[in-house]
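Chemist:
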């Protein structure tokens, strides 16, 4: 098989869809969904099991899984390991599109199915301290749910650590992260459904065609992540320069908010130093620059 150390990580969206999006593996998808939604599921039907060949090399293609649960709930599952700006807004947009596409002209609203979007991400997408967070429409003051037709789930794999109980969902997430072959095998021993998923993964690993597709997708995702990182770095550089020159009037829109903040800070410090050298009172400097008196005194 070549390199014995080689193994595929299920968090690669191509592998993720091959494991959970294949109709032959509906029992595996059912187990994963039950652990996420914390409910018993009778049936799961995958709607978009096919993966168009061109999508593997397409850096921006989304290999999501759409399915119907018990004939009355529609769900979309997306795996996203590359840091994505505005992930919550994007997920809400996809949810709205899925929900609205159900209704044809003249049909009644009571025929709309509950719609759930589940986002597996490997970066911080929300402010939640938990690795699994669920969002619904609730009344602001009393906290009651307006309607249960909407659910957004974020599973931030990077937030899962050893402090969490070893329940079925954490077992699935540890397997999907694929930090090591040993960790994946450990989860397979603890959970029979994960053992089934590992069998599917091992079969894929032995296929030259699947290995080539996996590596091709890894390269595409790496290229996209590199592009985003370079754009962010350039944006931060521009933001810092603009912050110094203009006292943070504006920056560019993508990825430079942090850079602007640094630029503003540098501008404040530079102005404060100049005023101190001119003998201006410390409190006056603090008020005019936004720095604290203590910060000004240290300059």
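In the numbering used here, the protein residues as written are 1 to 299.
In this text, a Cβ means the ideal position worked out from N, Cα and C, and glycines have one as well.
Quantities reported herein were computed from a predicted structural model and do not represent experimental measurements.
(1) Could you round the C-beta distance between residue 116 and residue 73 to whole angstroms and report it? I think they count as a contact, below 8 Å.
(2) Name the two residues that bound the continuous alpha helix (DSSP H) containing residue 203.
(3) Does DSSP classify residue 67 as helix, strand or coil?
(4) Roughly how many angstroms lie between the CA atoms of residue 20 and residue 26, to the nearest whole one?
(5) Going along the chain, which unbroken runs of the beta strand (DSSP E) with 3 or more residues stay wholly within the stretch 18–47?
(6) Taking the CB atoms as reference points, tell me whether residue 45 and residue 67 lie closer together than 8 Å.
(7) Distance check for residue 18 and residue 184, CA to CA, integer angstroms please.
(8) Can the beta-carbon of residue 112 be found less than 8 Å from the beta-carbon of residue 99?
(9) Skipping 5 residues on each side, what residues in its chain have a beta carbon closer than 8 Å to that of residue 188?
(10) So, with DSSP's three-state summary, where would you put residue 294?
(11) What's the C-alpha gap between residue 300 and residue 131?
(12) My understanding is that residue 168 touches residue 35, with C-beta atoms under 8 Å, so please give their C-beta distance in whole angstroms.
(13) Sort out for me which residues DSSP pairs residue 121 with in a bridge.
(14) How far does the beta strand (DSSP E) with residue 133 in it extend, from its first residue to its last?
(15) Determine the DSSP secondary structure at residue 146, reduced to helix, strand or coil.
(16) Give me the Cα-Cα distance between residue 129 and residue 158, rounded to the nearest whole angstrom.
(17) What do you get for residue 48, buried or exposed, if any count of 16 or more other CB atoms within 10 angstroms of its CB means buried?
Modeler: Well, looking at it:
(1) On the chain shown, position 116 is the one that residue 116 refers to. On the chain shown, position 73 is the one that residue 73 refers to. At roughly 6 Å, the Cβ-Cβ gap stays under 8 Å, so residue 116 and residue 73 are in contact.
(2) In the chain shown, the residue the question calls residue 203 occupies position 203. Where residue 203 is concerned, the enclosing alpha helix (DSSP H) stretches over 192–205.
(3) As a position in the chain shown, residue 67 is number 67, starting the count at 1. Three-state result, residue 67: strand.
(4) What you label residue 20 is simply residue 20 of the chain shown in a count that begins at 1. What you label residue 26 is simply residue 26 of the chain shown in a count that begins at 1. Their Cα atoms are separated by approximately 7 Å.
(5) The beta strand (DSSP E) runs of length 3 or more contained entirely in the stretch 18–47 are, from start to end of the chain, 44–46.
(6) Translated into positions along the chain shown, residue 45 becomes position 45. Translated into positions along the chain shown, residue 67 becomes position 67. In contact: residue 45 and residue 67 (Cβ atoms closer than 8 Å).
(7) Numbered from its first residue, the chain shown carries residue 184 at position 184. Numbered from its first residue, the chain shown carries residue 18 at position 18. One C-alpha to the other measures close to 17 Å.
(8) Looking up residue 112 in the chain shown gives position 112. Looking up residue 99 in the chain shown gives position 99. In this structure, residue 99 lies closer than 8 Å to residue 112 by Cβ.
(9) Along the chain shown, read from residue 1 onward, the residue named residue 188 stands at position 188. Cβ within range, chain order: 175, 194, 195, 197 and 198.
(10) Mapped onto the chain shown, residue 294 falls at position 294. Here residue 294 sits in helix by DSSP.
(11) Outside the displayed range of the chain (1 to 299) lies residue 300, so it cannot be described from this structure.
(12) Indexing the chain shown from 1 puts residue 168 at position 168. Indexing the chain shown from 1 puts residue 35 at position 35. Indeed they touch by this definition, with Cβ atoms about 4 Å apart.
(13) The residue you call residue 121 lines up with position 121 of the chain shown. Answer is 80 and 156.
(14) For the purposes of this step, residue 133 is taken as residue 133 along the chain shown, with counting starting at 1. It spans 132–138 - the beta strand (DSSP E) in which residue 133 sits, taken as one unbroken run.
(15) On the chain shown, position 146 is the one that residue 146 refers to. Residue 146 falls in the strand class under three-state DSSP.
(16) Position 129 of the chain shown, counted from the start, is the residue given in the question as residue 129. Position 158 of the chain shown, counted from the start, is the residue given in the question as residue 158. Roughly 11 Å between the two C-alpha positions.
(17) For the purposes of this step, residue 48 is taken as residue 48 along the chain shown, with counting starting at 1. The residue in question, residue 48, is exposed, as its Cβ has fewer than 16 Cβ neighbours within 10 Å.
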